[in-house]
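Undergrad:
Number of protein chains: 2
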Amino acid sequence: MSTRAEENYLKAIYKLSEMAKPKHDRESATVPTNAIAQEMHTSAASVTDMIQRLSDKHLVDYEKYRGVSLTETGRNLAIQLLRRHRLWEVLLVEKLGFAWNEVHDLAEELEHVESPELTDRLDTFLGSPKFDPHGDPIPNAEGKFTLRQQVPLTDLLPETLAVVVGVREHSSPFLNHLDEIGVAIHKEICVRERFSYDDSMRVDIDGELRTISGKVARNILVKPKPVMK
Amino acid sequence: MSTRAEENYLKAIYKLSEMAKPKHDRESATVPTNAIAQEMHTSAASVTDMIQRLSDKHLVDYEKYRGVSLTETGRNLAIQLLRRHRLWEVLLVEKLGFAWNEVHDLAEELEHVESPELTDRLDTFLGSPKFDPHGDPIPNAEGKFTLRQQVPLTDLLPETLAVVVGVREHSSPFLNHLDEIGVAIHKEICVRERFSYDDSMRVDIDGELRTISGKVARNILVKPKPVMK
DNA sequence: GTATATTTTTAGGATTGGCTAAATAGATTA
DNA sequence: TAATCTATTTAGCCAATCCTAAAAATATAC
C-alpha cells in the first residue's frame with residue numbers, strides 16, 4: 326500500500342512528533358516541515374511534496390503552513406515499522422552476532438519487508454522480546470509499548486545501585502564509547518559521587534571506578550535497584 | 326550500486342540464460358528481449374529501456390536486435406542475489422517455521438538487502454547450508470555451486486530406491502500437491518512400476534503405494550540409492 | 001525472393017520522488 | 001506597525017522506471 330519513501334516519512338514524522346510530546350498520548354503532535362527535512366536530510370520542498378501525497382492517502386493531517394501530524398492510520402503504520410525495525414535488530418544481535426552499533430542501517434532496510442506473518446514468526450522465534458538491543462521498547466502486534474521505570478544516569482543519588490536498561494543516543498561513536506568504558510545493557514552501575522557543576526559522576530562498573538561525563542551520563546538510561554535493608 | 330529493478334532484471338536474465346544452456350559454463354547464453362519481458366511480466370519496450378541502462382553499466386553485453394548476455398560482473402551479481410535468496414529461504418523455513426511454498430515472495434524482498442557481512446553471518450548462523458528448502462543449490466561466497474547426483478523421478482527403473490533431493494517447479498499448487506501426496510525433501514521413494522505410455526508410475530512413499538502422474542514425476546528430482554547386495 | 005508475421009526498438013508520456021530558485025506566508029523585532 | 005527574517009510553498013526541472021503506439025529490423029512462409 327505504501328512505498329518505501331512514504332514509510333520513511335511516516336517514521337520521521339512519528340519520531341519528531343514523539344519527541345515534541347514525550348508522554349505517550351492518543352494524539353500525534355504537529356511537526357513543522359523543516360524539522361522533517363532536517364531529520365531526513367532532504368529539502369523542505371521535497372517534504373511539502375510528499376506530505377501532500379501522504380495527506381491525499383489520509384496518512385497525515387496537513388494544513389498549509391501549519392505543519393503535519395499523523396492520522397491514526399499513519400501512526401499505526403509508523404508503529405508497525407518500529408516494531409519490525411526493533412525485532413530485526415534483536416535477530417541481528419542475538420542470533421547473527423552483530424554488535425549493537427552495527428545493526429541500525431540493516432534493520433532500516435529489513436523493516437520495509439511487509440508481512441504480518443513474517444513479523445509474527447520473527448517475534449515468536451525471538452521469544453517475543455519487549456526491548457531491542459539498545460533498550461528501546463518493541464511495540465506488540467497491537468502497537469502497545471511495554472513501559473518501564475527508567476531515568477537518565479544523571480538523576481541517581483550517590484551510593485545508588487542501578488541497572489543499565491537503555492540509551493538515548495544511537496550513534497556509533499556514542500555506542501563505541503560505551504563499549505570502551507564497559508557500559509552495556511543489563512550491566513550494573515553504582516554511583517559513588519556526583520559533580521553537579523558539569524553533571525559528571527564517579528561510578529563503579531564491574532568493580533572498576535570510572536568518571537563519566539555529563540554528556541554521556543545523560544544518555545544512559547538506568548533502572549535504580551531497590552536498596553536492601 | 327544497483328537498484329532493485331536492475332537486480333530483478335539481472336536475476337531474470339541469469340535464469341533464462343541458465344535455462345538456455347543447462348550445463349554450467351563460463352559464458353552466459355544470449356537471451357531475447359521478449360523472453361525477459363515474459364519472465365518479468367513487463368513490456369518489451371521496458372526491457373529494451375532497462376537493458377540499455379544495464380549495458381551502460383557494463384552488467385550485460387548488448388547488441389540491438391541480437392539479445393543480451395550477462396557480463397562477468399553481471400553474472401556474479403546475479404549469483405550473489407541467488408545466494409541471498411536461498412539463504413533467506415532456509416532461515417524462513419528452518420528457523421521461522423514457514424512452509425516451503427510460502428517463502429519465495431518474502432525471500433524475493435529480503436534478497437535485495439545488500440550487505441556481505443549480513444550474508445556471511447546468515448550463512449554461518451544457518452550452518453552454511455548447501456541447498457535451500459526446495460533442494461536448489463546455494464552458491465557459496467565465491468559463487469560456486471555444490472553439484473550433486475540428481476535425476477527426474479521419471480528416469481528411475483522399477484524397484485529402485487531413491488531420496489527426494491529437489492523439485493523443478495516452485496509453484497504453490499505444485500508444492501501443495503507434493504505435500505498432499507507425502508513427497509518432501511529427504512523422503513525416500515521406491516519405484517514399483519513405470520508406465521512409459523504417459524510416464525506415470527506406481528511408487529512407495531512411507532510404506533504407502535501411490536500413483537504419480539508423469540507431469541508430477543518429471544518435476545521431482547531424486548538421488549538414487551545404491552542397492553545393497 | 002518477396003510478402004507476411006514476429007520481434008525489437010523508438011517516440012512520447014505517466015508517475016514517483018528528488019532538486020533549486022523564486023514567491024509568499026508567518027513570526028520577530030525595532 | 002513596519003521592516004526584516006525565517007519557514008513554507010510553488011514552479012519548473014531531472015532521473016528512474018514503467019507504459020502504449022508506431023516504426024523498423026529480422027525471421028518465416030509461400
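Listed in order, the protein sequences are those of chains A and V. Plus 325 on top of the position in the first sequence (first one is 1) and you've got my numbering. Plus 325 on top of the position in the second sequence (first one is 1) and you've got my numbering. Ideal Cβ placement from N, Cα and C applies to all residues, glycine included.
(1) How about Leu546(A) and Pro483(A): are their beta carbons less than 9 Å apart?
(2) Compare the C-beta of Gly452(V) with all C-beta atoms of chain A and state if any pair is closer than 9 Å.
(3) Report buried or exposed for Ser453(A), applying the criterion of at least 16 other Cβ atoms within 10 angstroms of its Cβ.
(4) When burial is assigned at 16 or more other CB atoms within 10 Å of the CB, is Asp457(A) buried or exposed?
(5) If you run the structure through DSSP and keep just helix, strand and coil, what is Val428(A)?
(6) In terms of residue numbering, what span does the beta strand (DSSP E) encompassing Ser394(A) cover?
(7) What in chain A is Cβ-close to Val415(V), meaning under 7 Å?
(8) When Cβ atoms are compared, which residues of the segment 431 to 445 of chain V fall closer than 7 Å to chain A?
(9) What did DSSP end up calling Lys550(A) once you bin it into helix, strand or coil?
(10) Per the contact definition of three or more C-beta pairs closer than 8 Å, is the segment 365 to 383 of chain V in contact with the segment 326 to 342 of chain V?
(11) Could you work out which residues of chain V lie near Leu447(A), taking near to mean beta carbons separated by less than 8 Å?
(12) Hey, which unbroken runs of the beta strand (DSSP E) at 3 residues or more fall wholly within the segment 469 to 544 of chain V?
(13) Does the distance from the C-beta atom of Leu407(V) to that of Asp448(V) stay below 9 Å?
(14) Between the alpha carbons of Gly392(A) and Gly422(V), how many angstroms are there, rounded?
(15) When the Cα atoms are used, what is the spatial distance from Arg535(A) to Val528(A)?
(16) Taking the CB atoms as reference points, tell me whether His511(A) and Val488(A) lie closer together than 9 Å.
(17) Out of Ala466(V), Pro462(V), Asp381(V) and His495(V), state which residue places its alpha-carbon closest to the alpha-carbon of Pro276(V).
(18) State the start and end residues of the unbroken beta strand (DSSP E) segment that holds Val385(A).
(19) Sorted by chain position, which residues of the same chain lie with C-beta nearer than 7 Å to Tyr390(A)'s C-beta, five sequence neighbours on each side aside?
(20) To the nearest whole angstrom, what separates the beta carbons of Lys455(V) and Thr444(V), a pair I think is in contact under 8 Å?
(21) Please state the DSSP three-state secondary structure of Phe450(A).
(22) With 9 Å as the threshold, decide whether the Cβ of Glu331(V) is near any Cβ in chain A.
(23) By the DSSP assignment, the alpha helix (DSSP H) with His465(A) in it spans what residues?
(24) Does DSSP put Val438(A) in a helix, a strand or coil?
(25) When the distance is taken between beta carbons, is Val438(V) closer than 9 Å to Leu435(A)?
(26) Where are the beta strand (DSSP E) runs, 3 residues long or more, that stay fully inside the segment 344 to 380 of chain A, in chain order?
(27) Who are the near neighbours of Leu360(A) in its chain, counting only those whose CB is closer than 8 Å to its CB and skipping five residues on each side?
(28) What whole-angstrom Cβ distance do Gly491(A) and Gly460(A) have, given they're in contact under 8 Å?
(29) Can you tell me the Cα-Cα spacing of Val508(A) and Ile530(A), whole angstroms?
(30) Can you tell which of Thr373(A), Met344(A), Pro462(A) and Thr479(A) has the C-alpha that lies nearest to the C-alpha of Tyr522(A)?
TA: Based on what the coordinates show:
(1) Walking along the first sequence from the start, residue 546(A) turns up at place 221. Walking along the first sequence from the start, residue 483(A) turns up at place 158. Their beta carbons are not under 9 Å apart, which means Leu546(A) does not touch Pro483(A) by this criterion.
(2) Counting from one through the second sequence, the residue named residue 452(V) turns up at place 127. No, because no Cβ of chain A sits closer than 9 Å to the Cβ of Gly452(V).
(3) Locating residue 453(A) in the first sequence gives position 128, where the first residue counts as 1. Classification for Ser453(A): exposed.
(4) For the purposes of this step, residue 457(A) is taken as residue 132 along the first sequence, with counting starting at 1. It counts as buried.
(5) Position 103 of the first sequence holds residue 428(A). Coil at Val428(A), not helix or strand.
(6) Within the first sequence, numbered from 1, the residue matching residue 394(A) stands at position 69. Its beta strand (DSSP E) spans residues Gly392 to Leu395.
(7) Indexing the second sequence from 1 puts residue 415(V) at position 90. By Cβ distance, chain A contributes nothing, its closest Cβ being about 13 Å from Val415(V), past 7 Å.
(8) When C-beta distances to chain A are compared with 7 Å, the residues of the segment 431 to 445 of chain V below that value are Leu431, Glu434, Leu435, Val438, Ser440 and Leu443, in chain order.
(9) As a working mapping, residue 550(A) is identified with position 225 in the first sequence. In this structure, Lys550(A) counts as coil in the three-state DSSP scheme.
(10) yes
(11) The residue you call residue 447(A) lines up with position 122 of the first sequence. The contacting residues are Leu421.
(12) 486 to 492, 513 to 520, 525 to 530 and 533 to 537
(13) On the second sequence, position 82 is the one that residue 407(V) refers to. On the second sequence, position 123 is the one that residue 448(V) refers to. No, they are not a contact pair.
(14) For the purposes of this step, residue 392(A) is identified with residue 67 of the first sequence, where counting begins at 1. For the purposes of this step, residue 422(V) is identified with residue 97 of the second sequence, where counting begins at 1. Whole-angstrom Cα-Cα distance: 44 Å.
(15) Counting from one through the first sequence, the residue named residue 535(A) turns up at place 210. Counting from one through the first sequence, the residue named residue 528(A) turns up at place 203. When the Cα atoms are used, Arg535(A) and Val528(A) turn out to be separated by approximately 5 Å.
(16) Counting from 1 along the first sequence, the entry for residue 511(A) is found at position 186. Counting from 1 along the first sequence, the entry for residue 488(A) is found at position 163. Yes, these two residues count as a Cβ contact at 9 Å.
(17) This structure leaves residue 276(V) out entirely; chain V is present only between 326 and 554.
(18) Numbered from its first residue, the first sequence carries residue 385(A) at position 60. Residues Val385 to Glu388.
(19) Indexing the first sequence from 1 puts residue 390(A) at position 65. None.
(20) Position 130 of the second sequence, counted from the start, is the residue given in the question as residue 455(V). Position 119 of the second sequence, counted from the start, is the residue given in the question as residue 444(V). With 8 Å as the limit, Lys455(V) and Thr444(V) do not qualify as a contact, their Cβ atoms being about 15 Å apart.
(21) On the first sequence, residue 450(A) is found 125 positions in, with the first residue counted as 1. The answer is helix: DSSP assigns Phe450(A) an H, G or I state.
(22) Taking the second sequence and counting its residues from 1, the one referred to as residue 331(V) is at position 6. So, not an interface residue.
(23) Residue 465(A) sits at position 140 when you count from the first residue of the first sequence. Just to set this straight, residue 465(A) is Asn in the shown sequence, not His. Here Asn465(A) belongs to no alpha helix (DSSP H), and DSSP marks it neither H nor E.
(24) Mapped onto the first sequence, residue 438(A) falls at position 113. Coil.
(25) Within the first sequence, residue 435(A) is the residue found at index 110, counting from 1. Within the second sequence, residue 438(V) is the residue found at index 113, counting from 1. Cβ atoms of Leu435(A) and Val438(V): closer than 9 Å.
(26) none
(27) The residue you call residue 360(A) lines up with position 35 of the first sequence. Before going further, note that residue 360(A) is Ala rather than Leu in the sequence given. Result list for Ala360(A): Leu341, in chain order.
(28) Here the question's residue 491(A) lines up with position 166 in the first sequence. Here the question's residue 460(A) lines up with position 135 in the first sequence. With 8 Å as the limit, Gly491(A) and Gly460(A) qualify as a contact, their Cβ atoms being about 3 Å apart.
(29) As a first step, residue 508(A) must be located in the first sequence, where it is residue number 183. As a first step, residue 530(A) must be located in the first sequence, where it is residue number 205. One C-alpha to the other measures close to 7 Å.
(30) Translated into the one-based positions of the first sequence, residue 522(A) becomes position 197. When only C-alpha atoms are compared, the closest one is Thr479(A).
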